[in-house]
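Residue 18 in numbering that gives the first Met the number 0 sits at position 19 of the sequence shown, with consecutive numbering throughout.
From the three backbone atoms N, C-alpha and C, an ideal C-beta is built for every residue, glycine too.
Before any comments, here is the structure.
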Amino acid sequence: MQATDGDLGRMYKDIDRAADGLRKAKSVLVISHIDADGISAGSIATMTVKRLGVEHRTVFLPKIDADAIDMINNAPEDYVWVCDLGSGYLSEFTRSNLIITDHHVPDPKWRKKQTVLDSFADIDHLNPHTYGHDGSYETCGAGLTYLLAKSVDP
Numbered sequence: 000m001q002a003t004d005g006d007l008g009r010m011y012k013d014i015d016r017a018a019d020g021l022r023k024a025k026s027v028l029v030i031s032h033i034d035a036d037g038i039s040a041g042s043i044a045t046m047t048v049k050r051l052g053v054e055h056r057t058v059f060l061p062k063i064d065a066d067a068i069d070m071i072n073n074a075p076e077d078y079v080w081v082c083d084l085g086s087g088y089l090s091e092f093t094r095s096n097l098i099i100t101d102h103h104v105p106d107p108k109w110r111k112k113q114t115v116l117d118s119f120a121d122i123d124h125l126n127p128h129t130y131g132h133d134g135s136y137e138t139c140g141a142g143l144t145y146l147l148a149k150s151v152d153p
């Protein structure tokens, strides 16, 4: 299949914004999926924050459920970086300083920069679907995680 035309300029701008936040973080919780893509993505994210010298912990999960949402929303770390998971649950996250590098179809109930007062959260959602690309075959969660890692530390 031929790759789709998408908004790569906006994607790289958003990646750079997320990278700037990670460089300022004092602590990061990395959460990732337990499949091959998630293990790769989680490893890339963990090595990225380790290279920055940032205090971190890494948790691998089989899925996002109520406990995972609670862990993400209430994590004591400055940032939470969710890899290969999370896009389908965007409307459930209430914390700021959340980065999601995923390729799954995003939650249709969530829109960036919502105007509902209780929906404000500073989320960097890096997903090919939001830039006009197909996350089913054009890239994976580890691919987006790698692009962010390269922006943090080339």
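Can you list, in chain order, the residues of its chain whose CB lies under 6 Å from that of residue i, leaving out five sequence neighbours each side?
i    : result
G142 : none
M10  : Y130
H32  : D83, L84
Can you pull the DSSP bridge partners for residue i?
i    : result
C82  : S31, T100
H55  : V27
I122 : L97
L60  : H32
Do you know whose CA, among the options, lies nearest residue i's CA?
i    : options             : result
V104 : A67, E76, V27, P127 : P127
A17  : L125, I33, T129     : L125
K23  : E137, S31, D83, V79 : V79
P153 : N72, R50, M70, V81  : R50
Just how far apart, CA to CA, sit residue i and residue j?
i    : j    : result
D6   : D13  : 11 Å
G52  : D106 : 33 Å
I68  : E76  : 15 Å
T47  : E54  : 11 Å
S164 : K62  : No answer is possible for residue 164: it lies beyond the span of the chain, which begins at 0 and ends at 153.
M0   : E137 : Residue confidence for M0 is low, a pLDDT of 39 falling below 50, so the modelled location carries little weight; the figure read from the coordinates is stated next. About 9 Å.
V81  : D64  : 13 Å
N72  : D66  : 10 Å
D19  : A148 : 11 Å
R56  : S39  : 16 Å
S26  : G8   : 29 Å
Within its chain, find whatever has a CB closer than 8 Å to the CB of residue i; leave out the 5 residues flanking it on each side and keep chain order.
i    : result
I122 : L89, F92, S95, L97, I98, I99, K111
D34  : D83
Apart from the five residues just before and just after residue i, which ones in its own chain have a Cβ nearer than 7 Å to its Cβ?
i    : result
L146 : I14
T45  : V29, H55, T57
M70  : none
Our contact map puts residue i next to residue j with C-beta atoms below 8 Å; I'd like the distance itself, whole angstroms only.
i    : j    : result
F59  : G37  : 7 Å
I157 : T144 : The question about residue 157 has no answer here: the residues shown for the chain are numbered 0 through 153.
L21  : A74  : Wrong, their Cβ atoms sit about 15 Å apart, outside the cutoff.
G140 : H102 : 5 Å
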